[in-house]
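All remarks here apply to the structure that follows.
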Amino acid sequence: MIAKIVVTALLAAMLGFAGLIKIAGVQQSLTARDHLGLNPVQWRTIGVLELAAVAGVLVGLAWWPIGVAAAIGSALLLLGAIGFHTRASDSAGETAPAVIGLGLAVATAVLQFG
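Mapping the sequence shown onto our numbering, position 60 (from 1) lands on 154, and the numbers just tick up by one.
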């Protein structure tokens, strides 16, 4: 139970931060958006999806089907992020947050299941 809470909280913190800086239009986030070749609507949509995932994985602590669905959705979103970083020829260091997030999303789905 403790591992489930810790891993879920780490994923929620990571996605919450990422989503908020996208929606708020923080300059560093906008620079990343332009580097990855996304338009403003796509970037804000990703931010909203990240915040929705935060809500989903946290609700999943009480009702696991929602948490598993949100974690799987997060994993798919992060796979897309890895794809965009790869397409942009980013270094391992620049891609690492998405890879770490993917690991947290998969772990959250497994730990929240049943």
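C-beta atoms are modelled at their ideal positions from N, C-alpha and C, and glycine is treated no differently.
Since we're looking at a predicted model, the values are computed, not measured.
Indicate the three-state DSSP secondary structure (helix, strand or coil) for residue i in the structure shown.
i    : result
A106 : helix
A203 : helix
A156 : coil
S123 : helix
S183 : coil
L114 : helix
G208 : coil
How many Å lie between residue i and residue j at the Cα?
i    : j    : result
A146 : L104 : 15 Å
L198 : V101 : 6 Å
A186 : M108 : 18 Å
A203 : I96  : 15 Å
On a Cα-Cα basis, can you pick out the residue from the options that is closest to residue i?
i    : options                : result
L173 : Q121, L155, A192       : A192
H179 : Q206, I117, Q121, A126 : A126
V142 : G131, D128, L171       : L171
V135 : K98, G110, I117        : I117
W137 : I115, K98, L155        : I115
Below 8 Å between beta carbons: does that hold for residue i and residue j?
i    : j    : result
E144 : G177 : no
A169 : V151 : no
V153 : G161 : yes
G208 : W158 : yes
L130 : A190 : no
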